[in-house]
Every structure is written in C-alpha cells, then in structure tokens.
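From first to last, the protein sequence lines are chains A and B.
Start counting the first sequence at 0; every next residue gets the next number (numbering that gives the first Met the number 0).
Start counting the second sequence at 0; every next residue gets the next number (numbering that gives the first Met the number 0).
Scroll down for the structure; my scribbles are underneath it.
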Amino acid sequence: MHMTRSAWLALSFLMVAPLAANDDIPNDRQQELRNLLIQDCGSCHGLKMRGGLGPALVPDKLQGKSADYLSSVILDGRPGTAMPPWRALLSPPEAHWMADQLLQGVPQ
Amino acid sequence: MKRWSCCLLLALVSASTMAARGTGDLGLFIERASSSVQIIETSGNTSIGRIEGLGDLSHASVVYSRDARYAYLFGRDGGLSKLDILDAKLSGRILQSGNSIGGAISQDGRLVAVSNYKPGGVKVFNADTLELVADIPATFGNAGQRSKVIGLVDAPGQKFVFALWDAGEIWVLDMSDQANPSIEKFTNIGRNPYDALITPDGRYYIAGLFGEDGMALLDLWDPAAGVKRILPNYGKGEQKLPVYKMPHLEGWAVAGDLAFVPAVGRHEVLVINMRTWQEAARIKVHGQPIFVMARPDGRQVWVNFALPHNDSIQIIDTQTLAVIQQLKPGKGVLHMEFEPRGEEVWLSVRDEDRVEIYDTRTFERKRSIPATKPSGIFFTARAHRIGL
Numbered sequence: 000m001h002m003t004r005s006a007w008l009a010l011s012f013l014m015v016a017p018l019a020a021n022d023d024i025p026n027d028r029q030q031e032l033r034n035l036l037i038q039d040c041g042s043c044h045g046l047k048m049r050g051g052l053g054p055a056l057v058p059d060k061l062q063g064k065s066a067d068y069l070s071s072v073i074l075d076g077r078p079g080t081a082m083p084p085w086r087a088l089l090s091p092p093e094a095h096w097m098a099d100q101l102l103q104g105v106p107q
Numbered sequence: 000m001k002r003w004s005c006c007l008l009l010a011l012v013s014a015s016t017m018a019a020r021g022t023g024d025l026g027l028f029i030e031r032a033s034s035s036v037q038i039i040e041t042s043g044n045t046s047i048g049r050i051e052g053l054g055d056l057s058h059a060s061v062v063y064s065r066d067a068r069y070a071y072l073f074g075r076d077g078g079l080s081k082l083d084i085l086d087a088k089l090s091g092r093i094l095q096s097g098n099s100i101g102g103a104i105s106q107d108g109r110l111v112a113v114s115n116y117k118p119g120g121v122k123v124f125n126a127d128t129l130e131l132v133a134d135i136p137a138t139f140g141n142a143g144q145r146s147k148v149i150g151l152v153d154a155p156g157q158k159f160v161f162a163l164w165d166a167g168e169i170w171v172l173d174m175s176d177q178a179n180p181s182i183e184k185f186t187n188i189g190r191n192p193y194d195a196l197i198t199p200d201g202r203y204y205i206a207g208l209f210g211e212d213g214m215a216l217l218d219l220w221d222p223a224a225g226v227k228r229i230l231p232n233y234g235k236g237e238q239k240l241p242v243y244k245m246p247h248l249e250g251w252a253v254a255g256d257l258a259f260v261p262a263v264g265r266h267e268v269l270v271i272n273m274r275t276w277q278e279a280a281r282i283k284v285h286g287q288p289i290f291v292m293a294r295p296d297g298r299q300v301w302v303n304f305a306l307p308h309n310d311s312i313q314i315i316d317t318q319t320l321a322v323i324q325q326l327k328p329g330k331g332v333l334h335m336e337f338e339p340r341g342e343e344v345w346l347s348v349r350d351e352d353r354v355e356i357y358d359t360r361t362f363e364r365k366r367s368i369p370a371t372k373p374s375g376i377f378f379t380a381r382a383h384r385i386g387l
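Okay, here's the thing in structure tokens:
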C-alpha cells in the first residue's frame, strides 16, 4: 500500500507548517507583538521577563517547556491565577511566535 | 583664554542649577524602558531635566520627601533611588531586594518603606541615608512561605499598612519605636488582594481582591472590629472577563459620600456609599478599568483601561454618574496625574512615546511632551498627602 499524492502533500504541509507559521506574521505585526511582549506581558512578568506578579519567563526558567505548551498557556491562560487567556487578542501562530521569542530570550 | 571660557561656563552652569526656586509645581514621569525619569514643571508645562541609569522601571512608582525636593523611586529590580529633582541628579541608590513593587514614606518623613515580591516582605530605610532600619519578612502558613506584598501605604501614627497577595492578609506595621517595630496581622481577608488604598484622612484601608468578588475594609480607628468585606458578589457569579492588566487602587476617588473603584473582570466602575459601605451604583464603561481617579475637586472621575481598550479615557460626572466624555489620547494610556487643583491632567501615552496635557474643563489637549515609553506620573503635591 502506498500513500496517495494528496496524503503526501498533506503530510509535507504538516511538517513545514510550524516553520512556515512565523513567516506568515508580517514584519509590522511582529513589531507590535514584540512591543506587547515587552510592555504588556512585562507589566506582570517584568520588562526584562525576570518576574513580578507573574513568574519569570527567561530562557533558563523555561527549560523543558515546549513552545506548544507556552502558546497554549498564552492563548488559554491559567484559570485560578492572574494569567488571562489572550485568545481574543492573539491568533495561535502569533502566540506561538511569542512563545518562540520567550524561549530564545527577549532581546533587551 | 580657553581656561577663562571654561571658568565662565562653569559659573553659568552652577548659576543655573543653583537658582532659587520652589518645588511645589514640580514632578516627574517614569520612562520605563530607558531606566530614566523626566523632571517637569506644571506652571509652564515643560520638561526641565532628565535623570538616567535607574534600573528596571517596569511598574515603578514614587513618593516625595516632605520638603518636596527628593523623590524616592521604587523600581522593579529592587532598586530604591533617591532623586534630587532640583538639581536633576541621583543622590543615592541601593538594590534592596530582587523584585519590588512599590513603597511609602512615613508620617514624619524619616522612613521609607518598600514592598517586595522577592523575597516577599517589607523593608524600611532611613530616608536620609537609605540605611536599613527594619526588615519584615511576609511569612505565612506553617511552612514559613513568603508572600508577595502589595498595597503598601503610610498611615498616621508612624504606621505602614500593606497586604499579602499569596496569604490573603493585611498587616499594620507600627514604626513609632524604630528599634522595636510591632505588627498587627489580619488574616483571612479574602483571596489575592491585588492593590490597596487608604482614604485621605488615613482612616480606612481598603484592599481590592483579585481571587474573589469584593474588597476588604479595615477601619484603622477601630482595628479591634477587624476586617470587613464590602461589595461581596458584585460579579453575581458571572464568568469574569479576561483581565489583561491588573487594576490599580491609588488615591481615593471620592465625591461627597461616594467612592469610585474599578470592578475586576467586568467593564464597570463600582460606586460605594461610604456611610453604609454598600454598593450605590455601577457605571458601565468602555473596558476593564485600571485607574479610576477623581479630579481634586471630586467633580469628575477619569478612567483608563486595560488592553484592548487602552487607547481611551472616559470621564464620569460624579453628580449624575454618567459618562460625559470619551477621549482617545493614543495607544497605551498607562497613567494620569492631576495638577494639584485639577485644572489640567497629564496622561502618559506609552506606545506613542508622548505625555499629553489636557484641560479638564474643555477636554482639549493643550500640550504634548516627547517621552520614551512613559508610565507613572507623580507631582510633588503628593508630598503632603497621607497614603501617597
């Protein structure tokens, strides 16, 4: 049994989709997201992501956490804490982009 | 010749910095991303100086010495900086914790207290020298956990009052005997107090709760009566809307017997009758309110909002409880400060790198001052007010 052409296409799309996602965010939107990350996430997590009311989000504190996990926390929040769900303001690729930024370390 | 001109230049510089002037019309605003403050004056509405190198200023705030010459700046990185606003220079700075949130100055002006997230607690310093006077860890529970501390204010009788975010407690720290500070603790005041304020007479301390509906009220004239819950169930059990920024309780928006506070997770300003401490009204507003601040005469209340409504301001008439004006100063309106008698108000518009000055009678924009990511604005009139 061999895969149909469309199944191959779908599979290859799935494989490249996570990489392609960041490229889908236009530069000016990336600029806005960077500002949101530093200034608005920074209101609770610190402008340098070293923590505040919310926990520190610097790379060594995030070790072992995947970008998928982080973007799900960004989108859905953490019920019972002060972390709100951002789904109304951010698309899943945008949340993923922000999670990647956190894992790489937000440039100061 | 060259040496002579240097001397002349020096003489001119020292003459300009030493010129006699009062500080009653001075103030500053935080430029939070560039570790700096701009010093301003409100007689001509101009920026007159800048002090740099002040560390991480996310959520920075300021109190003033009673001579209104020095500003004590509390930075996120635990930095406590003493700024000379007349000479526009830093006159002292210590790193007193890993992570701090705010501070207060004592009734007699001799002590400065800082509330810390990490390690959770309050530290009290000599206002002249910034030497440590008292270290009060915010421990709770049986395992010796430490709580983040919020809502630190000064109170009459050389006291500081603050609340414990993780523990749900209010503590009253009495510093009248500096060598033997005493603490009175009130427990089970409600889940996650997020900020607090004290009435201008220094009598009532009120903490807003994030973890449940309502506020915790302590009458400092009658502490034996304990902490009382007010505005219980204002959310009526409905699902909270997302809170994209923690509201602030600062100053006390009071007009007559009515006080105005932000609801949490609802697009409403709550109005409290201060005689009965019952809800008097609720006013539907544009978004999640952050600061709800009264013009000094109490006739208007100005409200700013969390994302995605943080480009706007609404103004409430305290007689009719109606929203009478909506302004759009620009993206990221973070804070506002009224001039001492209220004819003008300054607004920081973070994402547009401007501080705006509005006429509070005509609602016209009168001036715009360039600033780098401005946040908190603090005028020296605070020097003489309890709790600010």
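For glycine and all other residues, C-beta sits at the position ideal for the given N, C-alpha and C.
For the 7 Å CB-CB criterion, B:Ser42 and B:Asp24 form a contact. When beta bridges are read from the DSSP output, B:Tyr357 appears opposite B:Val344, B:Arg364. With a cutoff of 7 Å on beta-carbon distance, B:Asp173 and B:Lys158 are scored as near each other. With a beta-carbon spacing of about 6 Å, B:Val253 and B:Gly297 fall inside the 8 Å limit used to define contacts.
Between B:Phe377 and B:Val111, the CB-CB gap reaches or exceeds 7 Å. Distance check between B:Ile229 and each of B:Met245, B:Pro246, B:Leu240, B:Ala262 places B:Ala262 closest, using alpha-carbon atoms only. Bounds of the alpha helix (DSSP H) holding A:Pro91 are 91 to 103. Residues of the stretch 148 to 181 of chain B with a C-beta less than 9 Å from any C-beta of chain A: Ile149, Trp164, listed in chain order. When C-beta distances to chain B are compared with 8 Å, the residues of the stretch 37 to 64 of chain A below that value are Ile37, Gln38, Asp39, Gly41, Ser42, Cys43, Gly45, Leu46, Lys47, Arg49, Gly50, Gly51, Leu52, in chain order.
Around the beta carbon of B:Ala18, fewer than 16 other beta carbons sit within 10 angstroms, so the residue counts as exposed.
Of all residues in the stretch 265 to 278 of chain B, none places a beta-carbon less than 9 Å from a beta-carbon of chain A. A residue is called buried when at least 16 other Cβ atoms come within 10 angstroms of its Cβ; A:Arg49 meets this threshold and is buried. Close to chain A, meaning a Cβ-Cβ distance shorter than 9 Å, are the following residues of the stretch 24 to 35 of chain B: Arg31, Ala32. Under the three-state reduction of DSSP, B:Ile188 is assigned to coil, being neither helix nor strand.
Counting C-beta atoms within 10 angstroms of its own C-beta, A:Pro58 has fewer than 16 neighbours from the protein chains shown and is therefore classed as exposed. Put simply, of B:Thr275, B:Ile149, B:Ser181, B:Asp127 the residue whose alpha carbon is nearest the alpha carbon of B:Ser99 is B:Ile149. Interface annotation for the stretch 362 to 377 of chain B against chain A: Lys372, criterion Cβ-Cβ distance under 8 Å.
Here B:Gly331 is not near B:Arg353, since their CB atoms are 7 Å or more apart. Closer than 7 Å to the CB of A:Pro84 there is at least one CB belonging to chain B.
B:Ile282 has B:Val268 as its beta-bridge partners, per DSSP. At a cut-off of 7 Å between beta-carbon atoms, A:Leu88 makes contact with chain B.
The beta carbon of B:Lys244 falls within 7 Å of a beta carbon belonging to chain A, placing the residue at that interface. Inside the stretch 73 to 105 of chain B, DSSP marks whole beta strand (DSSP E) runs of 3 or more residues at positions 78 to 83, 88 to 94, 98 to 104, from first to last along the chain. Contact annotation: the stretch 95 to 102 of chain A does not touch the stretch 21 to 38 of chain B, with fewer than three C-beta pairs closer than 8 Å. Annotated three-state conformation of B:Ser46 is strand, per DSSP.
Neighbours of A:Asn34 in chain B, taken as residues at a C-beta separation under 7 Å, are given in chain order as Asp350. Taking 7 Å as the CB threshold, B:Asn303 stays off the interface with chain A.
Counting only the Cα atoms, B:Pro339 lies some 24 Å from B:Ile205. For B:Ser347, no Cβ of chain A is located within less than 7 Å of the residue's own Cβ.
For the stretch 87 to 101 of chain B, the residues whose beta carbon sits under 9 Å from a beta carbon of chain A are, in order, Gly97, Asn98, Ile100.
Flagged as an interface residue toward chain A: B:Pro241, by a C-beta distance shorter than 7 Å. Taking all protein chains in view, the Cβ of B:Lys122 is crowded by 16 or more other Cβ atoms within 10 Å, so the residue is classified as buried.
Interface flag for B:Asp310 against chain A is unset, since no Cβ pair is found closer than 7 Å.
Counting along the chain, A:His44 sits inside the alpha helix (DSSP H) bounded by residues 41 to 44. Per the Cβ contact rule, the stretch 81 to 101 of chain B is in contact with the stretch 63 to 70 of chain B (3 or more Cβ pairs under 8 Å). Counting only Cβ-Cβ distances below 9 Å, A:Gly76 has contacts in chain B at Pro241, in chain order.
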